[in-house]
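The sequence shown lines up with residues 3 to 433 when you count with our numbering.
The block underneath contains the structure these notes are about, expressed in structure tokens.
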Amino acid sequence: MKTLRIPLHWQILAGMLAGLGIGLLIAGLGQSGRDFATDWIKPFGTIFLNMLKLLAVPLIIASLIKGISGLKDISRLSRMGGRTMLFYITTTVLAITIGLVLVNLMQPGSFISAETRNDFMRQFAATSADRIQSAASQQARGPLAPLVDLVPENFFQAASSNGQMLQIIFFSMLFGIALILIEETRAQVVISFFEGLDAVILKMIDLVMMIAPIGVMALMAALIAEAPSLDILIALGTYGLTVIIGLATMAFLVYPLLVRIFARQSWFHLIRGILPAQLLAFSTSSSAATLPVTMECVTDGLGVDEEVASFVLPVGATINMDGTSLYQGVAAVFIAQVLGNDLGLADQITIVLTATLASIGSAAVPGAGLLMLIIVLEAIGVNPAGIALVLAVDRPLDMCRTAVNVTGDATVATIIAAGLGKLHPRQRSSQ
Ligand code: ASP
């Protein structure tokens, strides 16, 4: 029997619009409306988000092991890994550079009066102190800590704690490589198991996405109801606009140009294929929670072979954050401008270097980019308490930068697949 299926991006868009309407209505009711949203609407969004996060780890394990074992020889893996890193780092540096050019041209800091500055610093002092403390505890562990963190001492602990995706990737890659190296007859049974597991997880994602409109509606409604006041948004308008123009440049100019040059694909092909993941990233502000849908969009919508997608995307969700790095560049200079710190060329180069590392180190969860911004500020000698100036509008910008983060991952996956002859025409229409 034929059933009518509304494309996923329309379903998510409908959820977003419904959430926007409900959120505005609730916001109009004042504090009691906000309490209602927190108690009765937000939990449905949290359930949806948790379901997506729940699937991210098993999906990485099953698809990565299946993908690597399908490579048959390790040199192909290292070739793919090398190219992936090259493109990830290049796009990140490009993003920060665009952000820096824009913030230096638009000078959003000059639109903030001393009075507004003092007001923000007072209003958000407690929250910024809290974030600075979290960032300090991360930094206190020495320069090689990220390398040590890559290797889990206990697989189950890594799988159960949030933000340990790189550890899961490390284990799965080692497992996949070992599978290639053992006798084929023994490996086959394990490979078949992971192929089956991968199919089950993909079906589970389809099931979870059936409630996507409700989940997205709940997330958006709660966000709008809890949104900052209009005065704050207007005060920070030029800063927000600078970030958004930069993000739009990445999404609508840089990525399409890259897929055109390196994969001979059109802009429309890229956007149409990745749209559901972009909308979900926007609604959830988490690349990790969006990963299951990004994987489906990239394989089904963009035609990237699963062998490539299963390696490039989980790694990208964790370390490739072009939107985040661009935002960190703009925010760092904006804060310096407002606080009256003069930044020379050397400082701007330091921003490129530290924001690259900070975006790699940012976890794929809401607000992680803001935490790592503190490290960028410290590197250029700007008072980290200055994050108080950007806190109020961080969430809406987080939504936009997360959408760009997943688009960047999809772009690089398409390019890598094209280079390896692993880009197929669209197999089945996306959702
Ligand atoms: N929320 C972003 C992500 O998950 C990270 C950040 O910029 O805060 O990709």
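Every residue gets a Cβ at the ideal spot worked out from N, C-alpha and C, and that includes glycine.
No experiment lies behind these values; they were computed from the predicted model shown.
Rounded to whole angstroms, LEU315 and GLY144 show a C-alpha spacing of 28 angstroms. Counting other Cβ atoms within 10 Å of its Cβ, THR320 reaches 16 or more and is therefore classed as buried. By a beta-carbon distance limit of 8 angstroms, ALA64 contacts ASP200. Their separation comes to about 4 angstroms.
Under the three-state reduction of DSSP, LEU372 is assigned to helix. In the structure shown, VAL306 adopts extended strand secondary structure according to DSSP, grouped into three states. Relative to the ligand ASP, the nearest heavy atom lies less than 7 angstroms away from the CB of THR326.
Per DSSP, GLU298 is one residue of the alpha helix (DSSP H) stretching across 289-298. As for any beta strand (DSSP E) of minimum length 3 sitting wholly inside the region 93-128, there is none.
LEU255 and PRO398 have their C-alpha atoms spaced approximately 22 angstroms apart.
Remark: the C-beta of LEU372 is in contact range of the ligand ASP, defined as less than 7 angstroms to any heavy atom. Only residues of its own chain outside the window of five on either side were considered, and among them THR93, ASN322, ASP324 have a CB closer than 6 angstroms to the CB of GLY410, listed in chain order.
Using a Cβ distance threshold of 8 angstroms, SER312 and LYS68 count as a contacting pair.
In this structure, the beta-carbon distance from THR404 to SER288 falls below 8 angstroms. Boundaries of the alpha helix (DSSP H) around GLU186: 186-211. Nearest to LEU341 by C-alpha distance, out of VAL59, ALA116, PHE173, is ALA116. For ALA161, the enclosing alpha helix (DSSP H) begins and ends at 157-162. Contact check for THR416 and GLN267: beta-carbon distance about 6 angstroms, within the 8 angstroms limit, so the pair qualifies. Beyond the five residues adjoining it in sequence on each side, ALA265 comes within less than 7 angstroms, by CB distance, of THR416, ILE417, ALA420, LEU425 in the same chain, given in chain order. Within 7 angstroms of the C-beta of ALA131 there is not a single heavy atom belonging to the ligand ASP. Counted as a single uninterrupted DSSP element, the alpha helix (DSSP H) harbouring ASN407 occupies residues 396-421. Sixteen is the threshold: when 16 or more other Cβ atoms of the shown chains lie within 10 Å of the Cβ of GLN339, as they do, the residue is buried.
Between PHE158 and TYR241, the C-beta spacing is not below 8 angstroms. Counting only the Cα atoms, GLU309 lies some 15 angstroms from PRO427. Taking 8 angstroms as the cut-off, the beta carbon of LEU104 is found closer than this to the beta carbon of THR244. Between GLY101 and LEU328, the gap from beta carbon to beta carbon is short of 8 angstroms. With a threshold of 16 other beta carbon atoms within 10 Å, ASN407 meets it and is buried. Rounded to whole angstroms, the Cβ separation of THR352 and ALA381 is 5 angstroms, and the two are in contact under 8 angstroms. In the structure shown, LEU425 falls within a strand segment according to DSSP collapsed to helix, strand and coil. If you check the C-beta of ASP411 against the ligand ASP, you find no heavy atom less than 7 angstroms away. For THR358, the enclosing alpha helix (DSSP H) has its first and last residue at 347-363.
Excluding residues up to 5 positions away in sequence, THR413, ILE417 lie with their Cβ nearer than 7 angstroms to the Cβ of LEU260 in the same chain. For VAL340, the three-state secondary structure derived from DSSP is helix. Its chain contains VAL354, THR358 as the residues whose beta carbon lies nearer than 7 angstroms to that of VAL95, once the 5 sequence neighbours on both sides are disregarded; these appear in chain order.
At a Cβ-Cβ threshold of 8 angstroms, GLY331 and ILE24 do not count as neighbours. Here the region 203-215 lies against the region 12-21, with 3 or more beta-carbon pairs under 8 angstroms apart. Residue state for GLY383 is assigned as coil, using DSSP reduced to three classes.
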